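In this text, residue positions in the sequence shown follow my numbering: the first is 1, and each later residue adds one. Ideal Cβ positions, reconstructed from N, Cα and C, are used throughout, including at glycine. Computed from a prediction, not measured in an experiment: that's the story for all the values here.
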Amino acid sequence: MSSIRVRELLEHATKHKYGVPAINVFHYESVKWAIEAAESEKLPIIIQVYPGFRDHIDLKYIADFAKDMAAKAAVPVAVHLDHSNTFEVAVAGIRDGFPSIMLDGSSLPFEENVRLTSDVIRVAKVFDIDVEAELGHVGSGSKLEDIVDSSNYTSVRQAVEFVERTGCDSLAVAVGNAHGVYIKEPKLDFERMNEIRCSLSIPLVLHGCSDIPNDQIQKSVNLGFSKFNIATEYDRAIYQAICSNVNPEENRGSFFRLQSMASEEIKAFVVGKLRLLNPNNYSL
């Protein structure tokens, strides 16, 4: 099995009606736990990194060990750079060895988003790199208007034009989803999702999947969405697992041992997401 291209994986997932969790990682163990969970379930997974973490660790380090672990995995594992919001960040991701990158120009006017995405894709094609793009405003779950204001959602007509003009490999859309913690339970616009799916042939991506109700996630899979970004919930699961094993009175405390003690609980979280995104019981 081992490493696989993101687009190849997502095309397979779309065809076979399963979703792939794209887990945001930040250090070696967070990659290891996610891959081990996928291996235990015999299902594919995407390991992705947020560029903002470059203030804490050189992204090339993560790209190097994530790709090495993917190549040795017993299941298909894809590696991806998440949410590059400038030309420079996206191209730096290509330089650092990511086989797939996301270019997020969604905060720009439509024509500027098309131009920026097209510029990045021209560079990416030289190096045979997959590019995920975004259209529509996937805002913050802490802002009510970002969740409920349908004027922020992806236009079906614009999505068709955007894909035709840019040639992106996959498209993230705004359909009532948002990043971070939701202040109100999201209600995805399934009619719009279906229209987008019927209008486009490339894989579709749902960002902000942490805390979206399970029934909505599974309906999204059955509508043909294939990549589901999970960052907030994974970070929270790691935090809670470590906290539950902390003993402040222990004089010989060890952070290394603490991570080892928390690992099974963390992997169980990822297993739960893998099963959730496989409502039709696909198996390798």
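Burial state of residue i (16 or more Cβ within 10 Å)
i	result
residue 199	exposed
residue 162	buried
residue 208	buried
residue 98	buried
residue 160	exposed
residue 192	buried
residue 247	exposed
residue 147	buried
Same chain only: Cβ atoms within 6 Å of residue i, ignoring 5 sequence neighbours per side
i	result
residue 227	10, 20, 22, 205
residue 60	96
residue 174	136, 137, 138, 152, 153, 154
residue 284	42
residue 62	49
residue 182	141, 211
For residue i, three-class secondary structure by DSSP
i	result
residue 172	strand
residue 82	strand
residue 228	strand
residue 25	strand
residue 140	strand
residue 3	strand
residue 16	helix
residue 276	helix
residue 205	strand
residue 246	coil
residue 52	helix
residue 263	helix
residue 252	coil
residue 155	coil
residue 149	coil
residue 96	coil
residue 283	coil
residue 310	Because the chain spans 1 through 284 in this model, residue 310 falls outside it and cannot be assessed.
residue 211	coil
residue 64	helix
DSSP bridge partner residues for residue i (one or two, in chain order)
i	result
residue 134	172
residue 45	77
residue 102	132
residue 179	140
Close-in-space but distant-in-sequence residues of the same chain around residue i (CB under 7 Å, 5 per side omitted)
i	result
residue 224	14, 197, 204
residue 123	91, 94
residue 117	103, 105, 133, 166, 168
residue 121	131, 166, 167, 168
residue 28	65
residue 273	21, 230
residue 280	17, 18
residue 114	162, 165, 166
Any chain D beta carbon closer than 8 Å to residue i
i	result
residue 220	Included in the structure is just one protein chain, with no chain D present.
Sequence-distant residues of the same chain with beta carbon closer than 8 Å to residue i, five excluded per side
i	result
residue 290	This structure gives no information on residue 290, because the portion of the chain shown stretches from 1 to 284.
residue 189	150, 153, 175, 176
residue 184	144, 147, 148
beta-carbon residue i near the ligand GDP non-hydrogen atom, thresh 7 Å
i	result
residue 91	Of the ligands one can find in the structure shown there are none, so the ligand GDP has no counterpart to examine.
Query raised in the report: Between the stretch 72-81 and the stretch 105-115, do three or more beta carbon pairs fall short of 8 Å?
Result: no
With three or more C-beta pairs closer than 8 Å as the rule, is the stretch 26-38 touching the stretch 256-275?
yes
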